[in-house]
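What follows is the structure, encoded as structure tokens:
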């Protein structure tokens, strides 16, 4: 049995024996049949309103497994690094906030809501999880294609501009956003949009070899020449995607505009020679 599977069992037993916990649900890889020895464990725990002031997550975690770090990340999740370096993400919320589960529907597909159910004494958790069943949000739409194209342009121009200024590190940071929107468009083209929000997950299996090589060509080290090539390749990929997607989708960007971007990039090339 994987350590994560043992953790899941320990958390279930802890919930069953803790009067403060009203309900607990799991999300992430182990609810999608994708969990392995490298996967995180991720939970929402809903606590009784009149007891939550007595709750200390550090003490609660000590009863689950030994850990080295416990802290809040930039998204407000409580992150635990267990002693064997397996990560966990926990959200401890009052029972009155269980309706937050309804907001998960727009984030993706939930193929097995039964596996998400860990514990509940309120009778509210299962109906809320049932609402997540079925198809996920539609990503292959004009709005999503337009969003990806337009945000690609935004990130691309900023990245090229700071590269021209000599801010190579900042340009490399901008490149990560360029890659994100290129990847979303490639997923649109290849009809693998279930991982739209976490677009790099399982990429090696989801994309064709050809599309994966295209994505790889947009990567770079902290080097002006490599950054130039990555931005140039990204623009050429987007031009190909304009041609490939134009018969099925309506969007603002066109080849005339990308020609202007090429000219903008060529100015940079001249300065690098």
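Numbering (our numbering), first residue to last: 50 to 322.
Ideal placement from N, C-alpha and C gives every residue a C-beta, glycine not left out.
Given the structure is predicted, the values throughout are model-derived calculations rather than measurements.
The beta carbon of residue 92 is closer than 8 Å to those of 60, 73, 74, 75, 76, 137, 138, 139, 140, 167 in its chain, skipping five residues each way along the sequence.
Residue 72 is bridged by DSSP to 95, 169. A contact between stretches requires three or more CB pairs, one per stretch, nearer than 8 Å, and the segment 106-121 fails this requirement with the segment 200-211. Rounded to whole angstroms, the separation of the alpha carbons of residue 78 and residue 181 is 16 Å. Residue 105 and residue 71 do not touch by the CB rule: their CB atoms are close to 17 Å apart, not below 8 Å.
Residue pairing of residue 127 in beta bridges, as defined by DSSP: 121, 139. The beta-carbon separation of residue 248 and residue 236, rounded to 6 Å, stays under the 8 Å limit for a contact. Each residue's CA atom was taken as its position, placing residue 90 and residue 242 some 23 Å apart. Taking all protein chains shown into account, residue 305 has fewer than 16 neighbouring C-beta atoms within 10 Å of its C-beta and is therefore exposed. Buried is the label assigned to residue 169, since at least 16 other Cβ atoms lie within 10 Å of its Cβ.
When DSSP assignments are scanned along the segment 269-312, the uninterrupted stretches of alpha helix (DSSP H) that are 4 or more residues long and fall wholly within it turn out to be 273-294. With a beta-carbon spacing of about 5 Å, residue 188 and residue 245 fall inside the 8 Å limit used to define contacts. In the DSSP annotation of this structure, the continuous segment of the alpha helix (DSSP H) that includes residue 59 starts and ends at 52-65. Within the DSSP secondary-structure output, residue 116 pairs in a beta bridge with 131. Taking a contact as a CB-CB distance under 8 Å, the pair residue 212 and residue 264 does not count as one, their CB atoms being some 20 Å apart.
Taking 8 Å as the upper bound for CB-CB distance, residue 280 and residue 208 are in contact here, some 6 Å apart. With contacts defined by Cβ atoms closer than 9 Å, residue 224 and residue 287 do not form a contacting pair.
When the alpha-carbon of residue 273 is set against those of 210, 116, 300, 310, the nearest one is in 210. The C-beta of residue 95 has 16 or more other C-beta atoms within 10 Å across all chains shown, which makes the residue buried.
Around the beta carbon of residue 155, a 10 Å sphere encloses fewer than 16 other beta carbons of the protein chains shown; the residue is thus reported as exposed. With 16 or more other Cβ atoms from the protein chains shown falling within 10 Å of its own Cβ, residue 157 counts as buried. Exclusion of the five residues before and after residue 269 leaves 221, 224, 275, 276, 278, 279 as the residues of its chain whose Cβ lies within less than 8 Å of its Cβ. The distance from the Cβ of residue 151 to that of residue 177 is about 7 Å, consistent with a contact at the 8 Å cut-off. Here residue 228 is not near residue 290, since their CB atoms are 9 Å or more apart. In the three-state scheme derived from DSSP, where H, G and I count as helix and E and B as strand, residue 158 is classed as coil. At least 9 Å separates the beta-carbon of residue 81 from that of residue 131.
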